[in-house]
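Here's the structure we're looking at; comments come further down.
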Amino acid sequence: MFALRRDVLLKFSPKPQKRLAIAAGIIVLALLSAGGLRLEAQEKNPYAGDAKVAKLGEYQFRSNCAFCHGLGAQGGGRGPDLTRAQKHHGNTDAELFHNIHDGIAGTAMPAATNGGIGVGMSDEEIWQVITYIRSVEKKASAAETGDAAHGKELFYGATGCGTCHMMNGKGGRLGPDLSSTGASRSVEYLTESLRNPSKRLAQGISEPLKDFSQEYETVTVVTSDGTKLQGVVLNEDSFTVQMLDTREQLHAFEKSKLRSYVKTRESLMPAYDAKALPEKELKDIIAFLLAASEKGGGQ
Amino acid sequence: MKTRSMSAGSKSRFLAALVMTVLGTAKALCVVAFAAATLSLSPPRASAQVSAERLLNSSKEPQNWLMYSGDYAGHRFSALNQINVANVATLVPKWAYQTMAGGKFEATPLVVDGILYGTGQDDRVYALDARSGRPIWQYQQTLPADIRPCCGRVNRGLAIFGDKVFVATLDAHVVALDSKTGNVVWDATAAEHAKGYSFTLAPLVIKNLVLVGVSGGEYGIRGFIEAYDAATGARKWRFYTIPGPGEPGHDSWEGDSWKIGGSPAWITGTYDPATNTTFWTTGNPSPSNRGEGRAGDNLYSNSLLALDPATGKLKWHFQFTQHDEHDYDATQVPVMIDDGERKWIAQANRNGFFYVVDRTNGKLISATSYAKVSWSTSKDANGRPVPDKAGSPTPEGNRVCPGALGATNWMSPTYDPQTKLFYVTAREQCDIFATAPQPYEAGHAYYGSAYFPNDETQPFWGALRALDPATGKLKWEWKHSSPAWAGVLSTAGGLVFTGDAEGNFIALEAASGKVLWHFQCGASVFASPMSFAIDGKQYVAVAAGSALFAFGLP
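Chains as they are written, first to last, in our numbering: chain Z, 133 to 431; chain D, 883 to 1436.
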């Protein structure tokens, strides 16, 4: 059957059901007491370090999580790299359990219960997955490979990243906000995104806080009065497009009223080859991305 | 014991009774008004009772939508033509009904004599005034915490017969409700929900029997189709979709794999009264994406079954995908098409082929790909596509088309007898299939695999495709921005209606595929549209997000 896993991940999160106030009160109380009990029972992994359980967890991971997080948990087009010791939404066993069991509100991460991820995982299976994730975590911080302070100078200076990318509230709006990217993406992913941005664009660079997939495709339109605009797609459907032009001006069009509409999956971001960005500087910028997000912002 | 959460009070019963009385009085008037319209209609009916005869002759009352696909043939075609190519551009929303439930809203409602009967997510059931969308009664199945719906807490609709509506629920019950009050008349337990059995489909009533097929192909169930006495809820027959020891086809399973071999039947069948045969389709063998341990064709998974509706006895079968390893459930409505002497079943299968089968004997007439296909590159002596070994999932991953969600899925196709075209929502998406061995444990996920979006630079897409059943050829297509999950309705107004994942509900010219109208519903359309009329006015209805929308002319 497997009808709709992808859509669960991509589309709207379930809306809260409206209930009578009294009923809601009773339910809230019931949830609070059940939640309290559950937290107590589920704050430590009963299988920590068990290699056999990690293997079972790997199979569970492949079936339920790899669709977004990749076969080796190193991140895919949508899900973050989980081999990083620092996780944006919490590192403790209890936090991991909660995030898998209940999903992460406001992100594409669904709850592992019925109607959430695939066919639903039991508590035991969730602990198996956590055991597996722990077994593939890299302990050392990847940020140590470069000079983050120099990377910051480059980001807002010579390489011009900050013209289009926001970091913790500072920078441009045309490209993805990179505040949490360092915490969720592997170094390989970040390197490839700099060296060959169009390749990444092919699969989409979903932002974790969007419930639809924004892919930053390049769009060029000519309006009915002959004005030509180029920019990135914020969202679109068969009949309309919402875009940001290269001056960060927001536009919304009905496609049928445009003189022309051309969309490509070539990124507007320049490719930073080894000439434009030598290896050392690349490492410095990545170190900045990693350090900034590991501190939870505030650079 | 099931409870009704929203209409248990005496006040609401009184209200319901009042509304029914008002509607009953108004009905005669509106049918007269209706008959005066340009549509050809049968005389007004004195009773709201839905007889077996009315179900057989559903085409004579196009103002009503009496079963899931609109008729026994599975056409999802409305003979109403008030909304047509000339005026559809002016279509406006008339009302919306919010189920207030989360998740995917996949249901098609029924309309009988001015009352709309529908289901929503979480096994809600409701009756509405079809003019206004105002509820008359509501029912909520109380679902236990340990139900195992693989793919959302969904339900696709009801069947109606006599003075009852029938719903099949996620906890594997079949429940009959009084169509005037929503009160439970009977409640039959079909199977153990904790072991992975559930229902998501709209039942099918044939004569005095309520037919259902089970879901649970992700949990290693043993699938079945069964029938209940509409009056009492007594089970009359059960046909296991996996033959037991000593039965023909049993040897198509390795060892004991047949006991947990899946083969659910989670989409509503069709019925040919001329030969008293009901046609059902089945889903994947379990585990769905790993063939190791279940060597053989795995009958009757991914098959078309011709059954005697009175006894459940198998007349013949046709298997679309043998020994499936890609989750290619054949659970798409088996559409009956008559062309002169030719009696066909047409199905656009999840595996990417459009099949035409002789429904008198189960012989394949043609199989033509209607979407990108790589799992099969050859056909057997009868013209049936056979799987390539090279397409099997591997530990590292193997790219195969269509992907795990299929070239289409459960959303209904439509057959338009005016254009003689078959319209289907096609999905162009390939996936990487990687194995992940799982031991069987009752009630736990059992599918043995992972799948991922492939790394191609071309993003996934979809299209509404118009196919000619006589040739299998594509007549036209209209591209969707992304793979869609909406079914298709065709109407005598020369239109087809469908939806998309971006929330648009769309009307196209049936002959050409030209878009004539669209409306943004605000959430993805995960349902198949239908049409009805009341007071001489035609409506088109579809579910999107948590709302059921009804559209009409201004």
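Idealized CB from N, CA, C, for every residue including glycine. Every value quoted in this text rests on a predicted model; they were computed, and no experiment measured them.
Same chain, Cβ closer than 7 Å to residue i, five either side skipped, listed in chain order
i, result
"L286(Z)", "E413, D416 and I417"
"G1131(D)", "P1125, L1181 and Y1182"
"A1393(D)", "T1301 and G1376"
"D1060(D)", "D1045, K1046 and V1067"
"A1405(D)", "G1385, A1426 and G1427"
For residue i: DSSP bridge partner residues
i, result
"N1386(D)", "Q1402(D)"
"Q1229(D)", "Y1237(D)"
"W259(Z)", "Its beta-bridge partners do not exist; DSSP assigns none."
"Y979(D)", "L1430(D)"
"D1220(D)", "K1225(D)"
"A1415(D)", "Q1420(D)"
"I223(Z)", "The residue asked about is misnamed: residue 223(Z) is Asn in this sequence, not Ile. Note: N223(Z) sits in no beta bridge, so no partner."
"T1001(D)", "V1007(D)"
"L1246(D)", "V1239(D)"
"M253(Z)", "BP columns for M253(Z) are empty, so no partner."
"F987(D)", "Paired residue(s): none; F987(D) is not in a bridge."
Cβ shell of residue i (< 6 Å), same chain only, five flanking positions each side left out
i, result
"T981(D)", "G1002, R1006 and S1428"
"P1031(D)", "L1052 and S1080"
"D1211(D)", "G1165, N1166 and R1232"
"Q374(Z)", "L366, N367 and A384"
"S1440(D)", "This structure leaves residue 1440(D) out entirely; chain D is present only between 883 and 1436."
"A934(D)", "K1089"
"V268(Z)", "A205 and T215"
"E1359(D)", "A1345 and R1347"
8 Å Cβ shell around residue i - same chain, five flanking residues per side excluded
i, result
"P1191(D)", "I1088, K1089, L1091, L1093, A1109, Y1153, N1158, T1159 and T1160"
"T920(D)", "Per-residue confidence for T920(D) stands at a pLDDT of 41, beneath the threshold of 50, marking its modelled position as unreliable; the derived number appears in the next sentence. N963 and Q964, listed in sequence order."
"L938(D)", "Y954 and P1155"
Residue i versus residue j - alpha carbon distance
i, j, result
"A854(D)", "A1249(D)", "For residue 854(D) there is no data in the structure shown, the boundaries of chain D being 883 and 1436."
"A989(D)", "S1413(D)", "14 Å"
"V1370(D)", "F371(Z)", "19 Å"
"R1304(D)", "Q1229(D)", "According to the sequence provided, residue 1304(D) is Phe. The question's Arg does not apply to it. Using only the alpha carbons, I get a separation of about 9 Å."
"L390(Z)", "G1330(D)", "49 Å"
"I1018(D)", "L992(D)", "14 Å"
"A1286(D)", "K1118(D)", "35 Å"
"W977(D)", "F959(D)", "22 Å"
"Q1214(D)", "V351(Z)", "37 Å"
"E1223(D)", "I1416(D)", "36 Å"
"Q931(D)", "F1043(D)", "7 Å"
"Q1309(D)", "E411(Z)", "Note on residue identity: the sequence assigns Arg, not Gln, to residue 1309(D). Going from the Cα of R1309(D) to the Cα of E411(Z) covers about 42 Å."
"G1434(D)", "S1363(D)", "26 Å"
"A1423(D)", "K986(D)", "16 Å"
"F420(Z)", "K284(Z)", "6 Å"
"K1197(D)", "D1240(D)", "13 Å"
"R1013(D)", "Y1021(D)", "20 Å"
"S165(Z)", "E175(Z)", "Bear in mind that a pLDDT of 45 at S165(Z), under 50, signals an unreliable position, so the model cannot answer this."
"G289(Z)", "H282(Z)", "10 Å"
"G291(Z)", "P1365(D)", "The sequence given here has Thr at residue 291(Z), not Gly. In a straight line, the C-alpha of T291(Z) is about 38 Å away from that of P1365(D)."
Cβ-based burial, residue i [other Cβ within 10 Å; buried from 16]
i, result
"A423(Z)", "buried"
"D1221(D)", "exposed"
"T396(Z)", "exposed"
"A1156(D)", "exposed"
"D213(Z)", "buried"
"T1203(D)", "buried"
"E1384(D)", "buried"
"G363(Z)", "buried"
"F1063(D)", "Rather than Phe, the amino acid found at residue 1063(D) in this sequence is Thr. Flag for T1063(D) reads buried."
"Q260(Z)", "buried"
"G1151(D)", "buried"
"R1120(D)", "exposed"
"Q381(Z)", "exposed"
"G1395(D)", "buried"
Residue i: CB within 6 Å of a non-hydrogen atom of the ligand ADP
i, result
"L1052(D)", "Looking at this structure, you won't find the ligand ADP or any other ligand, since it has none at all."
Interface flag, residue i vs chain C, CB-CB below 7 Å
i, result
"F385(Z)", "Among the protein chains in the structure shown, which are Z and D, there is no chain C."
Near-chain Z residues of the stretch 1363-1392 of chain D (beta-carbon distance less than 9 Å), N- to C-terminal order
When CB distances to chain Z are screened at a threshold of 9 Å, the residues of the stretch 1363-1392 of chain D falling below it are S1363, S1364, P1365, W1367, D1382, A1383, E1384, G1385, N1386 and I1388, in chain order.
Along the stretch 1300-1322 of chain D, where does the CB come closer than 7 Å to a CB of chain Z? Name the residues.
A1316, A1318, P1319 and Q1320
For the stretch 189-201 of chain Z, which residues have a beta carbon sitting closer than 7 Å to at least one beta carbon of chain D?
Y191, R194, S195, A198 and F199
Give me the subset of the stretch 946-979 of chain D whose CB atoms are less than 9 Å from a CB atom of chain Z, sorted by chain position.
none
Got a sec: which bits of the stretch 357-383 of chain Z sit with their beta carbon under 9 Å from any beta carbon on chain D, in order along the chain?
N367, E368, D369, S370, F371 and T372
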